[in-house]
Every structure is written in structure tokens, then in C-alpha cells.
Amino acid sequence: QSSVTVYGIADVWFGSAKSTVGGVSVRDTLLESGGVNSSRWGIKGSEDLGGGLKANFVLEQGFNLDDGSSKDLATKLNGDDATGSAAFSRQSYVGFSGGFGEVKLGKMWTAYDDVNGASDAVFDSKLSPMNWIFASTGYNSNPGNSIYYATPTFGGFAGAVSYSLGEDKTTTLSASSIASYNLTYAAGPLAVQFGYQVEDNNTFANDAKFTRLGATYDFGIAKLYATYGKVTNVGHDTTFDAKEYQIGVDYPVTSALTLSASYAKSDDDRSNGAFEESRKGYGIGASYTLSKRTFLYGGYTSNKFTNNGTADDKLNILAVGVQHRF
Amino acid sequence: QSSVTVYGIADVWFGSAKSTVGGVSVRDTLLESGGVNSSRWGIKGSEDLGGGLKANFVLEQGFNLDDGSSKDLATKLNGDDATGSAAFSRQSYVGFSGGFGEVKLGKMWTAYDDVNGASDAVFDSKLSPMNWIFASTGYNSNPGNSIYYATPTFGGFAGAVSYSLGEDKTTTLSASSIASYNLTYAAGPLAVQFGYQVEDNNTFANDAKFTRLGATYDFGIAKLYATYGKVTNVGHDTTFDAKEYQIGVDYPVTSALTLSASYAKSDDDRSNGAFEESRKGYGIGASYTLSKRTFLYGGYTSNKFTNNGTADDKLNILAVGVQHRF
Amino acid sequence: QSSVTVYGIADVWFGSAKSTVGGVSVRDTLLESGGVNSSRWGIKGSEDLGGGLKANFVLEQGFNLDDGSSKDLATKLNGDDATGSAAFSRQSYVGFSGGFGEVKLGKMWTAYDDVNGASDAVFDSKLSPMNWIFASTGYNSNPGNSIYYATPTFGGFAGAVSYSLGEDKTTTLSASSIASYNLTYAAGPLAVQFGYQVEDNNTFANDAKFTRLGATYDFGIAKLYATYGKVTNVGHDTTFDAKEYQIGVDYPVTSALTLSASYAKSDDDRSNGAFEESRKGYGIGASYTLSKRTFLYGGYTSNKFTNNGTADDKLNILAVGVQHRF
Numbered sequence: 001q002s003s004v005t006v007y008g009i010a011d012v013w014f015g016s017a018k019s020t021v022g023g024v025s026v027r028d029t030l031l032e033s034g035g036v037n038s039s040r041w042g043i044k045g046s047e048d049l050g051g052g053l054k055a056n057f058v059l060e061q062g063f064n065l066d067d068g069s070s071k072d073l074a075t076k077l078n079g080d081d082a083t084g085s086a087a088f089s090r091q092s093y094v095g096f097s098g099g100f101g102e103v104k105l106g107k108m109w110t111a112y113d114d115v116n117g118a119s120d121a122v123f124d125s126k127l128s129p130m131n132w133i134f135a136s137t138g139y140n141s142n143p144g145n146s147i148y149y150a151t152p153t154f155g156g157f158a159g160a161v162s163y164s165l166g167e168d169k170t171t172t173l174s175a176s177s178i179a180s181y182n183l184t185y186a187a188g189p190l191a192v193q194f195g196y197q198v199e200d201n202n203t204f205a206n207d208a209k210f211t212r213l214g215a216t217y218d219f220g221i222a223k224l225y226a227t228y229g230k231v232t233n234v235g236h237d238t239t240f241d242a243k244e245y246q247i248g249v250d251y252p253v254t255s256a257l258t259l260s261a262s263y264a265k266s267d268d269d270r271s272n273g274a275f276e277e278s279r280k281g282y283g284i285g286a287s288y289t290l291s292k293r294t295f296l297y298g299g300y301t302s303n304k305f306t307n308n309g310t311a312d313d314k315l316n317i318l319a320v321g322v323q324h325r326f
Numbered sequence: 327q328s329s330v331t332v333y334g335i336a337d338v339w340f341g342s343a344k345s346t347v348g349g350v351s352v353r354d355t356l357l358e359s360g361g362v363n364s365s366r367w368g369i370k371g372s373e374d375l376g377g378g379l380k381a382n383f384v385l386e387q388g389f390n391l392d393d394g395s396s397k398d399l400a401t402k403l404n405g406d407d408a409t410g411s412a413a414f415s416r417q418s419y420v421g422f423s424g425g426f427g428e429v430k431l432g433k434m435w436t437a438y439d440d441v442n443g444a445s446d447a448v449f450d451s452k453l454s455p456m457n458w459i460f461a462s463t464g465y466n467s468n469p470g471n472s473i474y475y476a477t478p479t480f481g482g483f484a485g486a487v488s489y490s491l492g493e494d495k496t497t498t499l500s501a502s503s504i505a506s507y508n509l510t511y512a513a514g515p516l517a518v519q520f521g522y523q524v525e526d527n528n529t530f531a532n533d534a535k536f537t538r539l540g541a542t543y544d545f546g547i548a549k550l551y552a553t554y555g556k557v558t559n560v561g562h563d564t565t566f567d568a569k570e571y572q573i574g575v576d577y578p579v580t581s582a583l584t585l586s587a588s589y590a591k592s593d594d595d596r597s598n599g600a601f602e603e604s605r606k607g608y609g610i611g612a613s614y615t616l617s618k619r620t621f622l623y624g625g626y627t628s629n630k631f632t633n634n635g636t637a638d639d640k641l642n643i644l645a646v647g648v649q650h651r652f
Numbered sequence: 653q654s655s656v657t658v659y660g661i662a663d664v665w666f667g668s669a670k671s672t673v674g675g676v677s678v679r680d681t682l683l684e685s686g687g688v689n690s691s692r693w694g695i696k697g698s699e700d701l702g703g704g705l706k707a708n709f710v711l712e713q714g715f716n717l718d719d720g721s722s723k724d725l726a727t728k729l730n731g732d733d734a735t736g737s738a739a740f741s742r743q744s745y746v747g748f749s750g751g752f753g754e755v756k757l758g759k760m761w762t763a764y765d766d767v768n769g770a771s772d773a774v775f776d777s778k779l780s781p782m783n784w785i786f787a788s789t790g791y792n793s794n795p796g797n798s799i800y801y802a803t804p805t806f807g808g809f810a811g812a813v814s815y816s817l818g819e820d821k822t823t824t825l826s827a828s829s830i831a832s833y834n835l836t837y838a839a840g841p842l843a844v845q846f847g848y849q850v851e852d853n854n855t856f857a858n859d860a861k862f863t864r865l866g867a868t869y870d871f872g873i874a875k876l877y878a879t880y881g882k883v884t885n886v887g888h889d890t891t892f893d894a895k896e897y898q899i900g901v902d903y904p905v906t907s908a909l910t911l912s913a914s915y916a917k918s919d920d921d922r923s924n925g926a927f928e929e930s931r932k933g934y935g936i937g938a939s940y941t942l943s944k945r946t947f948l949y950g951g952y953t954s955n956k957f958t959n960n961g962t963a964d965d966k967l968n969i970l971a972v973g974v975q976h977r978f
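Right, dumping it as C-alpha cells:
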């Protein structure tokens, strides 16, 4: 009766993390989930409706492999969007695909999220500095009550748009929303991604706006990564922006072993004279493929948060891990 | 080793809802889960024990497709019945079936629930007025700690009974319970259902009692629906009863397209002179089958709640949706 | 793409429990989950990496079959170990197995837990007195942030060790931990198990230590069970120890029907002159196999908790149940 696939990722790492906050350092030994990708399990399926049309669904739950805890629903969007117990915290949608592209209805990654990490070296992982210091990674990645449309590819170009309903209109306030867009180009060794997301929360006067521009170029002997990010109105504060960039390189030593390195820098820009934090970090990593579904990884990342007149805050992580896909 | 089926329903609708409460109206644009059937996923299986006997299990969790949130356990029955985090909020049972009928142990739909919506037109959906205004749909649909028995069919007749244990006996109070019964008859174009459920909560002196009588008749060119409902001691209040009915029709335009309409009315009956609310509403809908497992639907429902000396409360919903079964 | 097994146990019992606390008795009629084994569902899989090496994962969630409620994460280990909503409350790990033995990373049963109930008669169930009165069954059975290693079997001997990280080091306190060990021997009719677990919680000065020694001998006509347990520093209290033993027998009447009986006794040993509770109980049970995956069970257990100068507390349970594995 049913053609369902149960799938997922089990990703765990062992390591040492040194955190310095307010001049006080603590080094802890850790076993943690999701070094490269978040651990997850899901159910998905597809039904052929004829004429090239398909009905699709994806139900996907995040969890922490290290302790079995559920990734619950965080506040994603003002209004009716759910928080609390999740059945499927990552994706929960039904939709159609065909020659016209793909439509999804429910909860899915925004169009911006599709391209957010596409040009992030060191496997866009917990060893990548961009994931620790960027402000433009602080967007709502998968709000509920959403509609998503992706075009087919035209001569290397493709695009997507998603719109999330706040469902929180009152007699005096219009509904909150998240509108998200991407445009990508891929041809031979070159790939370019652009993303833009506007978060309108009806309890704030100003929208928070996220911009991402990324590119990768594969020279064969090495693959280069470059990323630019910008946030306008950080936390809906019209006096608070941030700008940032990341550069990196993958170096394939053998067909199984890849080395990678990344450097990232982010600066606050505050028009009201408030202190502007700056952040920078680097990461180096290696991945070693054991099979089509399993690989080992390891590396080191060091990140510094420069505060005004006080000691820098720091975060260093040394990690080795394994990811198994099923 | 295992013969397990993973199954479910992904049902989502997009629409506009106008809610009027206390004379204040708000119209909201929505993406919501479960327009026709609640979204769910489950695991089920059956083992042949020989001699016509089978061991069966069903584990089924409800969720909201629009935001991935889990349907947790609401208060179902005074006493030990669980509330809070659900693994399987809809059904969770093991049992046996064979020539004697079927027995289930755990959490399952009550015998009353089996017949509750069987004669409700407009697909017994969120477009059906009965589901917005009936008092006799406010029973405990699937309490835990339950035992269920269904007879085989004898000459078109069948019956079922379920009993749910409160597990809350004290030195002074006897245990709460829910006892539920149904009797059905089906022959050719005619189907008749009767259901009765008694909810005994040991913190109240009086039991709440729910009665359902329904019938459908399929003329081929159209199918008629009629439903009667009654609640004695609404909310365990011995001065508070309610009576209600619903009539409707399905009209199959083509093998894929069905139109449906329904009208429902419900009246409070209060013996202590308190104000008696009355409710009425109608719904119209269409369903269009895309495949064995996928259909589109749409429609409109309008419901009015008449209060004493104040403006009527209202709820209108315009919706289009899709349901995919897997 | 995926070779995943969805599996589980649906175990439910119906019965009568009489609980006497402080001289007051209440008898309740119950439908409960997990008479012999806790109800659970899970996803697991294995990938052949070549050279005898395999990658394995297990994700397993506990639930109560009687009401569908989720077994959430209890406090397991001071520090970062998760409490609250569980995706997988029982096991959540990825690892490798091969000629070297097996390694697991994540959340899994401790080495002590592997042997805890191996010599417990009456199916190590809710009808077994050891599970009601032993102090040495009160260990942390499956803390998160854990690493586990089991040796292969050498001439009947095998061993395992697990270590759980508290991840809660501060500038003044070292991290909590749980270290757990087992050693087993099996040859012909004889099986012997030894387990030891040290729980170091950094908010207490003293470690709680659990010791288990068990043996079974299968005479063919009957199988004997004997268990010894000890806790040093119950609840991390250095003046509070406990010692206990259990003996039992299985008697296979036919290939389908097994009768079993068990007696257990446990005594507190307090060096500060505080009152020393003593506990004793017995259980008798029967299991009847219906198929490879389904069996019926029933029995009775009676347990007494002797308090100083007050009436004994008591717990008696009469139960019949069914377990179905899938």
C-alpha cells in the first residue's frame, strides 16, 4: 500500500572545547551530536501522478545523538508558529513536483537557507568559523505555515521563493511574515548563490534583512570557497547592521581524504555610537570516507569575539567524529 | 525478522478564516494542518498465529503538518490517564483478531468514536459544520488504559464496546471510567450507526452521556447523510443538556469529482433557567481525486453561535487543500 | 539507498495492584505498559565497510503502550546530560563492530546494565521481586554522552566497559562521570555475570558504587537463578550502604509453557545509626508462547518494606499480559 523511505543521519563527535567568557576559561571534554550535519531521522515518499507530476512528502525530526534528546520547536516567527514539542522539527511538508518546478506546503527550509552554507568551507560544519561568528546565519531557517516554490533550472540558473505566514493578525496589527528568495547559477567548475530573507515581526517596527552571496570554483587540484554576508537591522534594531565574509579551500589528497581550511571575519556596524563587536576565526578539517554512507572527520576551530575595553571572548574546539547516513 | 508498515496522512490547507467574538472580527490568512483528516504517521503490523488468529498492533502519532508540532496528550480521563508528551497520541495498542471479532488493549478510538462522523457530509472535515457546532462531538475520543472488543458482522449487524480505566481509586472515591458502545447496520445502499458513551469522572457527581444516531443512503446519483446527537449532563452538569442534528448530501459529478453540502443545528437545553446558546452552520465542499493516495479539496463553511442579548459569534472558513496518504 | 529496520515491542498487562503506604491500602484495577519488557519502537541498521568491519546505529524510543505517552529523559547524570523531551529515550548511538569487538558512541545501556537482570527469574519482569525491592537496580541505566566498548568472546569470557561524560566542569569542580564495567562467562549450562558501576556526581563528595554478581545454571528439567547486589554510598551518602540477593527457578512444562518463581531480600546498612529499612518479596509467573514474536504471561508478586516502629508498606500485583515483538 505504501512506498515510504525511513532515512536519517547519525553524526557524533568527541572532543575538547575551551570557552573563555569574561576572562574566565573552562576546558571541557565532550561527546556531542552533529559535528558536520545535525542528526536527524525522517520519513519521505513520492507518488507518480502521471504526466510527469509527482506528489511528495517529507517528515523530518532533529535529535541529539549524544543523549537522545529531541530538537524541539524554537520560536521561529511571531504569531501562530509553533514552539514546544516537535514531531518533525526540521521539515514537515507535502507538495508537488514536475516540469513547472516544485511546490511545498508546510514547514521547510527557506529559500535563503538553501544557499546559506553552500560556499562555506570545512564542510559547513561545527569546525567552520562562519557557523560560530557570522550574524547572517542567525535567520529563521525553517518557519512553519510556509509555502515554497522552486523553479526548474534554465541554462544553469535556478531560483526559489518561500513565504511564511504569521497567522497573528489582530484588529490593530497586520500579520508577521518571512519572505525569502534565492538565485543560483552553476556551470562546470563555477557555482554562485545569492540569497535574501526579510523577517517581518509585527511586534517590531523594522524588518530584519539577511543577505548572502557565495561562490565556489573547483580547480580540480583544489576548490575555492568565498562567502559574503550582511544583516540589516540585527534583532529588528534599525541602528544595528553587520557585515562579514568567509574564504576557504578544499584540497582532495586522495579520493577518500579531503583537507579543508576556512577563515571568517564579521563586524558590527552601529549607527547610534554603541560599541561594535568584531569577530574572527579560522578552522581546519579533514574528512575520510569509509563507504558511501559513512565517513570520519576531525579538525580544529578557533574563534575570537573582540569586546570593547574587556578581554576577548574565545571558543576553541578540537574534534574527531563519525557520520553515518541511512 | 519484522513485518512493519510505516504509514500516515499528510493533509494541509490554505485559506482565510474570519472569526467574530464579542462583536470583534479578525480575518486571518492561514496555512493549517488537517483539513479533511488529521495529519498522522504510524507503525503497524500483523502476525498470523494460525487457526485464523492474528496478533495486531498499531502505534499512531498525530502532528500538525503546517509547523511540525506534535499533538500531545490532552487530559482525557481523570486519574492516571496520561497528559503531556506523546509518543503515540492517536492510537497505541496490541490485540488479537479472528473469527470471534477483535480485541484491542491500550489506547484506541472508543466505540462511540467509531460511528461519530460516519454520517457527516462534506467529508467529515473542517468544512463540515457539525465539527464546529455540535456538543456531542466533545467526548473523549481515545482515552488510555482501555479495552476494546468488536464483534464480527452478523447479517449486516455489528457492534463494539470499549471500557477505559481511570486507575484513580482512592480510599474514598471509586475509579473514573469511560464506557462506550456502538451498533451498526449496513446492507446495500443503507448504513445506520448508533453510539453511546458514558463518561464517569470521579470528581463529579454526574456522568456525562453522549448519544449518536446516524444514517446514510446511497441513491447512486447522490448520497444522503443524516445525524442526530444528544449530550446529557454537558460538562457533568445535571442541569445542562444539548440536542442537535445534521443533514447533508454528496453528489458525485465524475468518478474523480465529488460535491458535498451539509447543514447542522444544535441547541442547549438548560433546566436551571440559564441562557441556552444555539448554534447553526452550513458547509459546502468539493474533492478531486488525483490518484489512489492523493486528492485536492476545497470549500466554505459558515457557523453562527447565538448568544443571549449580545451579538452572535461567527466563524467562516474558505479553504483549499491537499491530502496525501502514504 | 537505505537498509533500515523499524522494530519494537508492544507489551501490555491487565491486573490488580494493592498498595499499602503508611497503613492505608488502595487496590486499583489497571491496564499498564511493559509487564515483561518496556514497550519501545526503534530504527536500526548496519553497513558493511569491508574487512569484517561494520558501521551500526540504533535509535530507540520508550513509550507507554497503555496511553501512548512518551518516556522522556529523566535526570541521568549531573551536568549536560539531557532531561526533557526525548526523541530516543532508550538508545541513540552510532558505532563500529568487527574482530576487535564493538564500539558505540552516544547513549546506550551501561556495561553494568548489560548484566543487571541476566540472573533474575520470573522473566526479569514487573512480576520479579528484585525489580521492586533491590537498591542495586537504582543505577543510571543509559546516561548520554557515553562511549562503550565490548570485547569479543575469548573461551567463554567477554567483557565491556562504558564511560559517560558529565560535560559539567567548572573553574572549581571537575566533571561528573559514570564508569561501568562487566565481565561475563558462559559455557554449556553455566552463565556467570559480574558488573560494577561508579557514579561520580560533582555536586557530591562521594561516589555511589553498584555491584552485581549473578549466575544461572540450566539443568534441562529446570534452570536456577542466583543474584547478589550491593550499593556503596546509596544516594552518594557515605554512611548508607545496601546488600541484597535473589534466587529463582524456571520450570519448562512444555516447549510453550514455562513456570518461574523468585525470592528476593534486601537490607540497608547504615553506619550512622539511622533506621535500616529491609525489603523482601516473592514472585511467581508463567509464560505461554503463541508464536515466535508473541507470548502471553501472568503471575503474582508480593513485596514488603519493613519500616521502624510503623506498619510495613506493601505492594502486591496480580497480572495477565501479552507481549508482541515486531
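Those protein sequence lines, which keep their order, are chains A, B and C.
Per my numbering, residue 1 is the first one in the first sequence, and the count goes up by one each step.
Per my numbering, residue 327 is the first one in the second sequence, and the count goes up by one each step.
Per my numbering, residue 653 is the first one in the third sequence, and the count goes up by one each step.
In this text, a Cβ means the ideal position worked out from N, Cα and C, and glycines have one as well.
For clarity, every value in this text was computed on a predicted model and none was experimentally measured.
Between which two residues does the beta strand (DSSP E) containing residue i stretch?
i: Ile695/C; result: 692–702
i: Asn382/B; result: 379–388
i: Leu105/A; result: 101–107
i: Leu257/A; result: 257–270
i: Thr1000/C; result: Any question about residue 1000/C goes unanswered here, given that chain C covers just 653 to 978.
i: Gly935/C; result: 930–941
i: Val648/B; result: 639–651
i: Gly159/A; result: 157–165
i: Ser177/A; result: 177–187
Give the range of the alpha helix (DSSP H) segment to which residue i is assigned.
i: Tyr764/C; result: 763–768
i: Asn131/A; result: 130–133
Where does residue i fall in DSSP's three states?
i: Gly561/B; result: helix
i: Val4/A; result: strand
i: Phe96/A; result: strand
i: Val678/C; result: strand
i: Asp567/B; result: strand
i: Phe219/A; result: coil
i: Val774/C; result: helix
i: Arg619/B; result: coil
i: Asp526/B; result: strand
i: Val338/B; result: strand
i: Lys556/B; result: strand
Classify residue i as buried or exposed, calling it buried when 16 or more other Cβ atoms lie within 10 Å of its own Cβ.
i: Ile147/A; result: buried
i: Tyr903/C; result: exposed
i: Lys292/A; result: exposed
i: Pro469/B; result: buried
i: Thr227/A; result: buried
i: Gly504/B; result: Note on identity: in this sequence residue 504/B is Ile, with Gly being the wrong assignment. Its Cβ being crowded by 16 or more others within 10 Å, Ile504/B is buried.
i: Thr946/C; result: buried
Roughly how far, in whole angstroms, is the beta-carbon of residue i from the beta-carbon of residue j, given that I think they are within contact range, below 8 Å?
i: Arg416/B; j: Gly371/B; result: About 16 Å separates the two Cβ atoms, so there is no contact after all.
i: Glu935/C; j: Thr953/C; result: The identity of residue 935/C in the sequence shown is Gly, whereas the question assumes Glu. With a Cβ gap of about 4 Å, Gly935/C and Thr953/C count as contacting.
Within the 9 Å Cβ cut-off, does residue i reach chain F?
i: Ala582/B; result: You won't find chain F in this structure, because its protein chains are A, B and C.
Give me the subset of the segment 194–209 of chain A whose CB atoms are less than 7 Å from a CB atom of chain B, sorted by chain position.
Listed by position, the residues of the segment 194–209 of chain A near chain B (Cβ gap below 7 Å) amount to none.
If the cut-off is 9 Å on Cβ atoms, which residues from the segment 146–158 of chain A count as contacting chain B, listed in chain order?
Those residues of the segment 146–158 of chain A placed with their C-beta closer than 9 Å to a C-beta in chain B are Ser146, Ile147, ordered along the chain.
Members of the segment 366–381 of chain B that neighbour chain A once the beta carbon cut-off is set at 8 Å
Of all residues in the segment 366–381 of chain B, Trp367 have a Cβ within less than 8 Å of some Cβ in chain A.
Can you list, in chain order, the residues of the segment 920–946 of chain C whose Cβ is nearer than 9 Å to any Cβ on chain B?
Under the 9 Å Cβ criterion, the segment 920–946 of chain C contributes Leu942, Ser943, Lys944, Arg945, Thr946.
At a CB distance below 9 Å, what residues from the segment 762–780 of chain C approach chain B? Give them in sequence order.
Those residues of the segment 762–780 of chain C that come within reach of chain B (Cβ to Cβ, closer than 9 Å) do not exist; the list is empty.
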